[in-house]
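Numbering (the working numbering), first residue to last: 29 to 110.
Cβ coordinates follow ideal geometry from the N, Cα and C atoms, glycine included.
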């Protein structure tokens with residue numbers, strides 16, 4: 029998605045933002061990493077300038093009652109209030 033609140037604009041700024049980011053760690057799947065394209069061809073991302081830390085893992089979040097995830101508190105199926 030695109031945000032109008034980002035302070036990074038242009039390819040060079042984005043490269044600098046991500047080249048040392050945990051998202052570029054070897055443990056992250058290549059499909060989840062930012063990519064650079066030239067004439068429709070994927071180009072190699074510039075190497076990091078410092079050691080990249082592994083990304084922190086997050087515990088899976090439970091769907092909220094308003095997310096429509098079908099979990100407890102969603103529409104239908106909740107007989108505890110009767």
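Secondary structure of residue i, DSSP reduced to three states
i          : result
residue 69 : strand
Cβ-Cβ distance between residue i and residue j below 8 angstroms
i          : j          : result
residue 73 : residue 62 : yes
residue 79 : residue 50 : no
residue 91 : residue 52 : no
Same chain only: Cβ atoms within 7 angstroms of residue i, ignoring 5 sequence neighbours per side
i          : result
residue 65 : 71
residue 33 : none
residue 36 : 42, 45
residue 56 : 83
Spatial neighbours of residue i in its chain, beta-carbon cut-off 8 angstroms, leaving aside the 5 residues before and after
i          : result
residue 43 : 64, 73, 74
Beta-carbon proximity list for residue i, same chain, < 6 angstroms, skipping 5 on both sides
i          : result
residue 47 : 74, 76
**Request:** Any chance you could list the alpha helix (DSSP H) runs of at least 4 consecutive residues sitting entirely within the region 40–92, in chain order?
**Result:** none
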